[in-house]
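Presented below is the structure to which this report refers.
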Amino acid sequence: MNQTFLSLGAIAIFMFLSMNIHKGYLVATQQTVDSQQEVDAVNFGVSITDELYSQSFNYDSLQANYGHLNDINYASTRKNLITASDDTLAATIELSSEQEIVAGATGRVATVTIYRIESGKPKQLAQQNASIVPYNPN
Amino acid sequence: MNISFELIIPPIILGILITMITGANVVMMDSTVENQSTYHLQTNANNTVLLISEEVRYLHRVETANGSSFEFVEKVTEASDSVDVKIFKDNEYLKVIRTPRGGSADTTAYFLRLDSLTFQETTHGTTSAPFLKVSVLTTSSNDEQINKNRSYKASAERSIYLKNLHASDIFYSTGS
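Chains as they are written, first to last, in numbering that gives the first Met the number 0: chain S, 0 to 137; chain W, 0 to 175.
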């Protein structure tokens with residue numbers, strides 16, 4: 000009888016260990032998915048900052064074109080992207096007031112924040128800054 | 000016939016224990032291989048986008064930009080000779096062929112486990128700024144998979160601003 004109880008105790012301990020190993024497996028899988036989302040978020044952010052840099056040639060319209068994209072809660076006031084893995088990413092752009100970016104050059108700093116939209120709720124994934132100065136051919 | 004449970008139960012429990020331990024080790028091994036494979040695939044997808052954004056640094060004129068290959072002419076400076084460049088997917092490789100005018104082709108191949116590669120030339124709605132949208136999908140090969148029927152995939156997508164092209168268009172249209 001004692002042997003049976005000892006064996007049952009061993010099974011209980013190994014069940015606990017096995018559960019933890021499977022939990023670890025699930026966490027690892029979740030991290031793989033998170034990692035893909037972070038890659039997508041960073042690439043989305045870089046695409047937006049590239050787009051903002053192109054506005055150097057159209058600096059006067061910067062506020063009109065991007066000033067309204069500052070509220071994550073509405074699809075019309077943010078940039079949206081469906082990724083290859085069917086995740087919904089969104090980005091907001093906060094434009095600073097005019098300030099000196101480098102010596103002698105005045106421009107604006109755009110803060111791009113990337114979110115993942117999950118069941119309608121935003122979760123922040125990344126944030127990037129871009130400094131935009133008006134194009135000066137001289 | 001008398002049955003002695005004292006003798007039968009312990010070997011059965013031992014068998015269950017061995018199965019559980021083996022199963023747990025298999026899960027750990029699978030998880031390690033899967034993580035390593037997906038990490039490589041995600042890195043490769045991202046590296047493909049980074050490589051392409053570096054390769055188009057001196058882009059002067061776009062020849063073909065829609066579909067699975069991208070052809071353009073590059074010039075390091077206005078005075079330098081033109082070089083024809085073709086970037087395309089060749090099986091799992093990203094290939095870059097540079098052919099200077101009147102010279103011989105130089106091919107570079109990067110093993111990046113490519114599954115698909117798509118180029119699309121786009122323009123910004125209000126400014127007509129040119130962008131190259133690059134979409135990359137990488138996939139694992141059979142020897143990297145635990146289950147031969149279940150492959151792992153990763154993706155990356157980026158819109159690359161073609162600044163040289165934009166600037167030259169502005170200069171051309173203003174006559175500068």
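Just so you know, even glycine gets a beta-carbon here, dropped at the ideal spot from N, CA and C.
What is the DSSP secondary structure of residue i, counted as helix, strand or coil?
i, result
"S140 of chain W", "coil"
"D89 of chain W", "strand"
"P133 of chain S", "coil"
"T107 of chain W", "strand"
"S96 of chain S", "coil"
"E53 of chain W", "helix"
"V26 of chain S", "helix"
"T248 of chain W", "Since the first and last residues shown for chain W are 0 and 175, residue 248 of chain W lies out of range."
"I71 of chain S", "coil"
"L161 of chain W", "coil"
"I145 of chain W", "coil"
"A128 of chain W", "coil"
"G14 of chain W", "helix"
"T117 of chain W", "strand"
Interface residues of chain S around residue i at Cβ under 7 angstroms?
i, result
"L136 of chain W", "A83"
"T76 of chain W", "Going along chain S, no residue has its Cβ under 7 angstroms from T76 of chain W, so there is no contact; the nearest lies around 17 angstroms."
Which bits of chain W does residue i rub up against, with CB to CB less than 7 angstroms?
i, result
"Q35 of chain S", "Q41 and A153"
"Y24 of chain S", "V26 and S30"
"S46 of chain S", "R157 and S158"
"L61 of chain S", "Those do not exist, as L61 of chain S stays about 10 angstroms from chain W at its closest Cβ, beyond 7 angstroms."
Give me, in chain order, the residues of the same chain whose beta-carbon lies closer than 6 angstroms to that of residue i; leave out the 5 immediate sequence neighbours on both sides.
i, result
"N80 of chain S", "The amino acid at residue 80 of chain S is misidentified as Asn; the sequence shows Leu. Only F43 and L88 meet the Cβ criterion."
"N45 of chain W", "A155"
"A129 of chain S", "T48, L51 and A109"
Along chain S, which residues have their Cβ under 8 angstroms away from the Cβ of residue i?
i, result
"Y160 of chain W", "D49, E50, Y52 and S53"
"I12 of chain W", "T3, S6, L7, A9 and I10"
"I8 of chain W", "Q2, T3 and S6"
Taking just the CA atoms, how far does residue j sit from residue i?
i, j, result
"A155 of chain W", "V48 of chain W", "7 angstroms"
"M28 of chain W", "N43 of chain W", "23 angstroms"
"I12 of chain W", "G8 of chain S", "10 angstroms"
"V45 of chain S", "S52 of chain W", "11 angstroms"
"A11 of chain S", "S3 of chain W", "23 angstroms"
"S115 of chain W", "S81 of chain W", "29 angstroms"
"Y134 of chain S", "V111 of chain S", "21 angstroms"
"D85 of chain S", "M14 of chain S", "36 angstroms"
"I7 of chain W", "I20 of chain S", "29 angstroms"
"T173 of chain W", "D59 of chain S", "Because T173 of chain W sits at a pLDDT of 46, beneath the cut-off of 50, its placement in the model cannot be relied upon, and the following sentence gives the value as read from the coordinates. The straight-line gap from Cα to Cα measures roughly 18 angstroms."
"S67 of chain W", "V133 of chain W", "10 angstroms"
"H39 of chain W", "A153 of chain W", "9 angstroms"
Might you give, ordered along the chain, the residues of its own chain that have their beta carbon closer than 8 angstroms to the beta carbon of residue i, omitting 5 neighbours on each side?
i, result
"P121 of chain S", "I71, N72, A89, Y114 and R115"
"Y92 of chain W", "A108, Y109, F110, L111 and L113"
"A64 of chain W", "E70, F71, F118, Q119, E120 and L131"
What residues from chain W crowd round residue i, counting only those whose CB sits closer than 9 angstroms?
i, result
"H67 of chain S", "The premise fails here: H67 of chain S is roughly 13 angstroms from chain W at the closest Cβ pair, so nothing lies under 9 angstroms."
"L16 of chain S", "M19, I20 and A23"
Which chain S residues are close to residue i, counting only those with a beta carbon under 9 angstroms from its beta carbon?
i, result
"L16 of chain W", "S6, A9, I10 and F13"
"N34 of chain W", "A27, T28, Q30 and T31"
(message) Which residues of the region 45 to 68 of chain W have a Cβ closer than 7 angstroms to any Cβ of chain S? Give them in chain order.
(response) Correct list: N45 and V48.
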